Structures are given as structure tokens and as C-alpha cells.
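The next block holds one structure in the form of C-alpha cells; read it before the comments.
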Amino acid sequence: MSHQALPKPAVANRSPALSGKVRMPGDKSISHRSFMFGGLASGETRITGLLEGEDVLRTGEAMKAMGARIEKNGEEWIIQGTGNGCLLEPKAPLDFGNAGTGSRLTMGLVGTYDMETTFIGDASLSGRPMGRVLNPLREMGVQVINAAPGDRMPLTLRGPKVAAPISYRVPMASAQVKSAVLLAGLNTPGITTVIEPVMTRDHTEKMLQGFGANLEVETDKDGVRHIRIEGQGKLSGQVIAVPGDPSSAGFPLVAALIVPGSDIVIENVLMNPTRTGLITTLIEMGAQIELMNPRNAGGEDVADLRVRSSELKGVTVPAERAPSMIDEYPVLAVAASFAEGETLMQGLEELRVKESDRLAAVARGLEANGVDCTEGEVTLAVRGKPGGKGLGGGTVKTHLDHRIAMSFLVMGLAAEKPVTVDDQTMIATSFPEFMGLMTGMGAKIETMDAAA
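Numbered per this note's numbering, the sequence shown finishes at 459, counting up by one with no gaps.
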């Protein structure tokens, strides 16, 4: 597995203007769910545009271990699903590597089955808290019969004979927790309800409806969403074209904004409003981002983005925007490093429990490269240096976190001095094409020999 191989540092150097058209890999969230729902549904599901990163492929392997047939034919993935309620007990532990989404959603999916399932992962995933998903599952009758301290992996779930439907108010803005409870409800008699005070990405709801689940969403006068799913219904195979990942698009997008003279087009980007917080924020900062050819693909809004280098100004990013851009804060912090004035990001508590303590990792990386920043408990303030004067020259500790690695490589393209990341091997978990795509536009990024 690449993220347990020797670390491979990479260095990014000040680059000439970036140009060209690039197409994003498939959206990671939708790719995970395509494998899961296709593997669960009756009949055949066909998927194009799937993100073939390690994280998503782990989810595919887990579904195969529980009875789904999954194979690739040319550009298309073809799945013969088991039928809802018909997953088989896996013969060996499900190894999710670095995949937080895949592991947490699968815990929900299999938890309510009358069987034992063991989950394992790499060092990064094993350090991440699973209690937020396990607590509602316990209310449904799922037993956690083995777990590392603090409800961490490796852990084993034992499902009940018959699960109990619950009404669960999600205590934090988390699409993973919401989704895990809804997926647990698929194999539970009666109505399972999730109450979501702050809306998060809604791919699970949209896709389950597309596969035929009896699911309804009601928003009350206070903006609180009540999502109800009827258990033990039939899901039918679908044809899915996965749109491009907006989180991955953030890297070439910010690179084009900060490298002088750049003018690029990023094709096929998912524009679901629960995922566009970064674009909204950058436009507020003065970014020249033009939406071209807006269209609908598979129930989701997509568009092409023309991005030109821009003079950015600092803004305050409100806490309520966090759920729509939670994965994009590292690259936003890089953009803010080149903006005039201060950018204040609020409501960042979820960053403490990502692949790394992402908030601390970003702050240390900024400091190592001459950026004036202040890390609060749930905030980050960045005071930028237009033109990148005096920035760079440092080495960033990535903590096995793909988004930290890619964000700081983007920084090096416009900083005065090169920026080095201590490891880039884990970029393959979410964006295996990153290096080729960036260098194809003119970015000067090179991989160094493995650390001795």
C-alpha cells in the first residue's frame, strides 16, 4: 500500500503562467456511494467517470467481500448487486486503508445486518474517531464487540437479529454521520429519521432516491431538515455518470488564481450548492471565476470553470459556510497567503478530526513557509503577502494527509522560494492524476528521491 511505503518528498517551484483545459477526476463522495448503492441494489449498475483513487477502490473491495460482483469493462464499471437486505458476512476483515468516508458509511450499511463485520485501516484511519457513527448504531441495536480505545479501529460490529428504527438528531454538521444512519435504516423495518440542523452534502439522499428508496426530506420553518427513510424496500440498479470532484478542482483553481498570467478551464465540475463554498469564498475575495456551460448530469448540477489569475483580498469566512467547503480549507489558506489583508476562517472544529488534525497541520505548514497566521481552537487567521514576497523555503509535514500535500505544492508555484512536502505518496488516495495534471498546465513540481 502506497501510504505505508517509503515517503517520497516533492518540491514545487515558482512557475510561469498556467494554461490549458483540464478535466477533473470523478467526485469522491459520489464515487464511494456509487459502489455502495450499486453493490446493494438488485440488478445491474453501470458507472462512468468513477474516481479510481485508492479510497474508492477500497469501498469497492468491501462490497465485493459481501457478495457484490464488480468489474471494469473499458471506461465503465459494471456491478451486479446483491439486493437490499442480502449482503453476506465477509470472511475477512474489511481493510479501508485511508478511507474515512468508505469505512464510516459501510459501518452504517452493514451494522444492522445479523452478522459480524471487522473494520481495519492504516495508521491515519486507525487514529480517527468512529464513535460519532457508532453511537447512533448502538441505539439501533448494533453491538461494538471489539474496538481500540476511544471507539477506534480495528473494531468489530455485531448486528442485531432485527434492528430498531430511530429518530436521530445529528449533533455535528457531518454528512458521514447522517449517511451512516440512513444506510443503517435500509435494513431496518419501519421509518428511520435523521434530523439535520445544518445542511451538509446531500448526495446520499439524492442517490438513494435515484436507486428507488422510499426517502423524503422535509425542511421546517427553522431550516432544520427531517430526512425519513423506509427500511427494507427495493433498490434497483442504475446508470451513473459521476461528475468531476469540486474538492479536487480547488487545487488547479487556486493555482491559476495565484500564479500571475494564468488562464485555465476546469471541465465537468460538480456544482451542488452543498459543495461550492470554496468558489463562493474565492469570488468574494476577488477571484475571476467564470461559470461556463452549466448543465445537469445524473441529477446533479455541473459546469466548466474558466479561472484567471486575480488580485485577492482577505475576507471573513462565516462558520455556517464550513459544511459546504470542509475539505477545501487547506487550499483556501494557501490562496489567503497571497491575498491583501487578513482572511479569517471560522467554525473549523471538524478539521481537528480529518485525515490529520488538519487545522494544526495547515497552520504549521504556513508558518514553515513564512506566512503570518494565527491558529485558534476553531479558527484560522491568515495575513497574506500579495505576490508571494518572502514566502516559501520551508518543508511541510503532511501527516499522511493528501489535501495538505496538494495544497502546499500549490503554494510553491507562486511563492518566492520553493515549497517542499515531506511525502506525496498519499495523494493517490483522492487524486492520482494530480501531478500529471498540474505539470501539464505548466506547474513546476518535481518528486525527490525517497528520504534516506
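Backbone N, C-alpha and C fix where the C-beta goes; we use that ideal spot for every residue, glycine too. The structure displayed is predicted, hence computed values, not measured ones.
Same chain only: Cβ atoms within 8 Å of residue i, ignoring 5 sequence neighbours per side
i	result
V231	I202, E203, P204
N303	V309
I434	H409, A412, M413, F441, M442
Selection from the options that minimises the alpha carbon distance to residue i
i	options	result
L67	P100, G109, N105, R30	Leu is not the amino acid found at residue 67; the sequence shown has Gly there. Nearest C-alpha to G67: G109.
L264	M73, A154, A450	A450
D34	I333, V249, A412, G399	V249
D227	M206, G391, S22, G238	M206
T125	T113, V246, G251	T113
L95	G293, R111, T432, G74	G74
S331	A412, G354, A342	G354
V360	D408, D311, S344, V389	D408
L141	A72, T119, E83	T119
S344	A388, R30, E307, T288	A388
L222	S254, D229, V188, G251	V188
G419	I434, G60, T402	T402
S251	L373, Y336, E59	This sequence places Gly at residue 251; Ser is not what is there. Comparing Cα positions, the closest option is E59.
M352	I333, P301, G115	I333
N300	R76, T211, K168, N275	N275
Q150	T323, S317, D121	D121
L215	H233, S186, I85, I198	S186
R208	T199, T200, I198, A180	A180
Bridge partners - residue i, DSSP secondary structure assignment
i	result
Q150	R165
E78	I85
I236	T199, L222
G251	G33, V276
Q295	R315
Y120	According to DSSP, which records beta bridges pairwise, Y120 is partnered with nothing at all.
F415	DSSP lists no partner for F415.
I271	G27, V314
F126	L101, L162
Backbone CA spacing between residue i and residue j [nearest angstrom]
i	j	result
I452	A182	34 Å
D379	V338	16 Å
H10	F103	With a pLDDT of 43 at H10, under the threshold of 50, the modelled position of this residue cannot be trusted; read the value that follows with caution. Rounded to the nearest angstrom, the two C-alpha atoms are 12 Å apart.
G107	L132	7 Å
T446	I273	15 Å
G134	R159	7 Å
A19	G46	40 Å
V117	E123	9 Å
P280	L319	23 Å
T436	I152	29 Å
F44	R328	28 Å
A213	G306	One detail in the question is off: residue 213 reads as Lys in this sequence, not Ala. Looking at the two C-alpha atoms, the distance is approximately 8 Å.
V184	G400	40 Å
E78	I86	7 Å
S317	V341	14 Å
G92	L190	11 Å
R365	P143	26 Å
Expected contact under 8 Å - CB spacing of residue i and residue j to nearest Å
i	j	result
I127	P100	5 Å
A421	G395	5 Å
N376	V417	Not really, about 12 Å apart at Cβ, beyond 8 Å.
G257	L285	5 Å
G148	A171	5 Å
L298	L312	6 Å
G397	E374	So it is not a contact: roughly 13 Å between Cβ atoms.
E349	R282	That pair is no contact at about 26 Å.
A370	M292	Going by Cβ atoms, the distance from A370 to M292 rounds to 20 Å, so no, they are not a contact pair.
Neighbourhood of residue i by C-beta, 7 Å cutoff - its chain only, sequence neighbours within 5 removed
i	result
S49	G88, G90, K241, L242, S243, G244
E356	V385
M442	I452
T454	K15, A17, Q431
S22	V266, L420, G449, A450, K451
H210	S36, I37, R40
V428	P16, A17, V403, T405, A412, F415, L416
Spatial neighbours of residue i in its chain, beta-carbon cut-off 6 Å, leaving aside the 5 residues before and after
i	result
V314	L260, A263, I271, I296
H39	V63, T66, T108, G109
T195	T119, A170, P172, G238
L444	V29
G81	none
D57	Note that residue 57 corresponds to Leu in the displayed sequence, not to Asp. Counting only Cβ-Cβ distances below 6 Å, and skipping sequence neighbours, we find G33, S38, W84, V249.
V324	T288, M352
A459	Unreliable positioning characterises A459 in this predicted model, as indicated by a pLDDT of 41, which lies under 50. A coordinate reading is not provided.
R76	Q87
Chain C within 8 Å of residue i, Cβ atoms only
i	result
T199	Among the chains in the structure shown there is no chain C, since it carries only a single protein chain.
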